[in-house]
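Notes follow the structure.
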Amino acid sequence: MSGPEDTDLPGGWEAAAAEYVLGLLPEDELRAFESQLVQDQALQQDVEAWEAYFAAFTDDIEEVAPPPQILRRTEAQLFGKPRAPLWQQILPYFLGAVAAAAIAWMAMFGGLLQSSDEPDLWADLETPSRGLVMLAHYAPDSQTFMVRRDAGDYPDDRSFEIWLIADPESPPVSIGLVDREQLTEIPVSDEIAAQLPGATVAISEEPLGGSPTGAATGPVLSLGQLEPREEL
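The numbering of the sequence shown is the working numbering, which starts it at 2 and goes up by one.
And the structure:
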């Protein structure tokens with residue numbers, strides 16, 4: 002495994018790649034590493050090699066699924082807030098209730114003609130610690146997925162990526178990036194549209210331009226379940 006040498010990270014990029022895979026990089030080093038990862042193919046190969054190397058340690062261990070409450074309690078005691086894979090982070094929140102609050106959104110889109118029997122779907126996406134307030138909306142008539150950002154700053158050097166989790170067993174699928182303007186509109190395929198009812202939507206913070214790996218690499222900012230709501 003090899004990588005560029007011009008870095009201030011302790012141990013160089015290769016050592017940082019191992020710590021990145023293990024989730025041990027401090028926040029400032031993590032941002033520097035992910036910025037380099039986007040443009041450095043050799044570093045991406047280092048990350049893949051370390052993932053395979055560490056995964057080999059578990060080859061002889063029989064898988065035993067602990068109860069979710071014990072797993073969460075153990076991870077909290079050992080690591081505080083672990084940087085777990087996106088689908089593991091989503092499970093505790095998957096059945097969370099969807100809060101009401103979309104009067105302005107309804108006012109904007111309530112006049113659209115409804116020619117489909119499928120209801121519109123909504124999900125609140127909020128991150129109180131960052132002051133982010135977003136609302137996801139899927140309109141089946143136009144087959145358009147929308148995200149409106151009502152509050153919170155969008156970092157200049159990062160991107161917010163939208164992920165669809167059809168069910169707890171399915172890996173996240175990227176729908177696209179949250180636009181830096183107030184409203185994001187993304188036409189979706191028939192395949193994606195069929196999975197949206199009842200699915201979970203997640204927003205993650207990624208390197209500029211989106212995840213370089215096709216899977217979420219940054220922290221999950223918010224989660225919400227797409228459900229129909231009564232129009233006011």
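Virtual Cβ for every residue (Gly too), placed ideally from N, Cα, C.
What residue range does the beta strand (DSSP E) around residue 139 cover? Looking at the DSSP string, the run of the beta strand (DSSP E) that includes residue 139 is 133 to 140.
Within 7 Å: the Cβ of residue 170 and any heavy atom of the ligand HEM? Among the components of this structure there are no ligands whatsoever, and the ligand HEM is therefore not found.
Burial state of residue 121 (16 or more Cβ within 10 Å): Residue 121 should be labelled buried.
Please report the Cβ distance between residue 176 and residue 189, rounded to the nearest whole angstrom; I am assuming they are in contact, meaning their Cβ atoms lie under 8 Å. Their Cβ separation, rounded to whole angstroms, is 7 Å, which keeps residue 176 and residue 189 in contact under 8 Å.
Which residues share a DSSP beta bridge with residue 146? Residue 146 pairs with 139, 187.
Could you check which residue in 165, 75, 19 has the C-alpha nearest to that of residue 195? Closest in alpha carbon position to residue 195, among 165, 75, 19, is 165.
For residue 42 and residue 174, what's the separation of their Cα atoms in angstroms? Near 23 Å, if we compare the C-alpha coordinates of residue 174 and residue 42.
With a Cβ-Cβ cutoff of 8 Å, do residue 199 and residue 125 count as a contact? Taking 8 Å as the Cβ cut-off, residue 199 and residue 125 do not qualify as a contacting pair.
With burial defined as no fewer than 16 other Cβ atoms inside 10 Å of the residue's Cβ, what is the status of residue 58: buried or exposed? Exposure of residue 58 is indicated by the presence of fewer than 16 other C-beta atoms within 10 angstroms of its C-beta.
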